[in-house]
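Participant: Quick note: the sequence shown, position 72, residue 132 per the working numbering, numbers continuous. Glycine included, C-beta positions come from ideal geometry on N, C-alpha and C. Mind having a look at this structure? Questions to follow.
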Amino acid sequence: MNTQYNTNNVFYKILQKQIPCNVVAENNNALAFYDINPQAPLHVLVIPKGNYVNAVDFFSNATSLEILDFNNLIIEVVQKLNVVKGFRLISNNGTESGQEIPHYHMHILGGKQLGKLLDN
Ligand code: AMP
Numbered sequence: 061m062n063t064q065y066n067t068n069n070v071f072y073k074i075l076q077k078q079i080p081c082n083v084v085a086e087n088n089n090a091l092a093f094y095d096i097n098p099q100a101p102l103h104v105l106v107i108p109k110g111n112y113v114n115a116v117d118f119f120s121n122a123t124s125l126e127i128l129d130f131n132n133l134i135i136e137v138v139q140k141l142n143v144v145k146g147f148r149l150i151s152n153n154g155t156e157s158g159q160e161i162p163h164y165h166m167h168i169l170g171g172k173q174l175g176k177l178l179d180n
């Protein structure tokens, strides 16, 4: 899987404040914001502030603090948005998964009864 980071991607530009986003929460090493095309009533993206292409890149190369801050931000988001009935975490990695933006991100989905994990 290609782990060559390309700065020409939307999330890099969001982190550089070149394009806006609707922030939910952030800490030193991660940013959470609403997905521009929500697939559920609650659809938030959590991204590391460091340049990582995908989960393999992130979990292989990020520092322990970066990984901790990323995980803590997910917890902060679900607590802040009061997702008491459950939520789903999805991370697409690589072309066959449908990953569109080559900067590692976790989707947090919820706010309704979610369907099966995969369409096919
Ligand atoms: P993926 O297909 O897993 O790479 O997910 C990329 C996600 O980024 C999609 O759900 C898009 O709707 C979302 N997205 C793309 N551009 C933006 C943006 N400018 N602000 C917020 N979310 C975005």
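So, V104 versus V83, is the Cβ gap smaller than 8 Å?
Facilitator: no
Participant: Any idea which residues DSSP pairs Y94 with across the strands?
Facilitator: V104
Participant: Cα separation between N66 and L149?
Facilitator: 24 Å
Participant: May I ask you to check if the CB of F93 is nearer than 7 Å to at least one heavy atom of ligand 1?
Facilitator: yes
Participant: Output yes or no for whether 8 Å exceeds the beta carbon distance between F147 and I161.
Facilitator: no
Participant: Hey, K171 and P108: beta-carbon distance below 8 Å or not?
Facilitator: Looking at the sequence provided, one finds Gly at residue 171 rather than Lys. Result no, Cβ atoms of G171 and P108 do not sit closer than 8 Å.
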